[in-house]
Amino acid sequence: MASAAERALGRLLSKHRTDHRRRGRIALRDLALGAAGAAAAGGMVSAGLPGPAAVPVLAAALLALWRGAARGHHHRRRGTEAFLVRERGLAHRRAGAVRTIPWQDIDAVTVRRGTALRRLLASDVTCTIRTARGEVLRVTSFTHEAQALARAVADRAGQQRPVTSVNAAGT
Numbered sequence: 000m001a002s003a004a005e006r007a008l009g010r011l012l013s014k015h016r017t018d019h020r021r022r023g024r025i026a027l028r029d030l031a032l033g034a035a036g037a038a039a040a041g042g043m044v045s046a047g048l049p050g051p052a053a054v055p056v057l058a059a060a061l062l063a064l065w066r067g068a069a070r071g072h073h074h075r076r077r078g079t080e081a082f083l084v085r086e087r088g089l090a091h092r093r094a095g096a097v098r099t100i101p102w103q104d105i106d107a108v109t110v111r112r113g114t115a116l117r118r119l120l121a122s123d124v125t126c127t128i129r130t131a132r133g134e135v136l137r138v139t140s141f142t143h144e145a146q147a148l149a150r151a152v153a154d155r156a157g158q159q160r161p162v163t164s165v166n167a168a169g170t
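First residue of the sequence shown? That's 0 in numbering that gives the first Met the number 0, and the numbers climb one at a time after it.
See the structure below:
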């Protein structure tokens, strides 16, 4: 059900939900990989291999554990999320709260093409939206039809402000 603030932005043109369950699954995957890597590093040392040989495995395991914990926290804290493109602006719903942004309040839209590695790690940001109030919205690959959403926001906001398109390296 649309709020009064959302309805003030006009007719709904498209709706893009974020895959909340996928975010949770990836958090569990990272935690499992981290635990397995830590166990492997411990096994390497207990098998008699020199400690420095286990350092890269342990470092990768700790990184995976950190990413899994951070994603798990993000998953629990954020809840469900959706972006709604409307005639006169963008609405962002997250964890029961609604933020509305008229097109003229969008200062910059940066559209990025993700790399295969960043998509595998589920850490690619498809689009960054900066508002006049200093807020930043990030659209990631967890959002259904993220590329279409990024194009729609860039096209509509581009009527008022310049749109920047960069490749994955940031150039």
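Every residue gets a Cβ at the ideal spot worked out from N, C-alpha and C, and that includes glycine.
Once the 5 residues before and after L136 are set aside, which same chain residues still bring their CB inside 7 Å of it? H91 and I128
Identify whether G9 lies in helix, strand or coil by the three-state DSSP scheme. coil
Is the number of C-beta pairs between the segment 57 to 77 and the segment 33 to 41 that are closer than 8 Å three or more? yes
Contact set for A80: own chain, Cβ-Cβ below 6 Å, skip 5 residues either direction: The sequence as given places Glu at residue 80; Ala does not occur at that position. T17 and R93.
Taking DSSP as the reference, what is the three-state secondary structure of D29? helix
Can you find the residues in the same chain that come closer than 6 Å, C-beta to C-beta, to G9, ignoring five residues on each side of it along the sequence? R85, E86 and R87
Quick check on the burial criterion: 16 or more other C-beta atoms within 10 angstroms. Buried or exposed for G50? exposed
Pick from V110, L89, R111 and T109: whose alpha carbon is nearest that of W102? L89
Measure the C-alpha to C-alpha separation of A149 and R155 and round it to an integer number of angstroms. 10 Å
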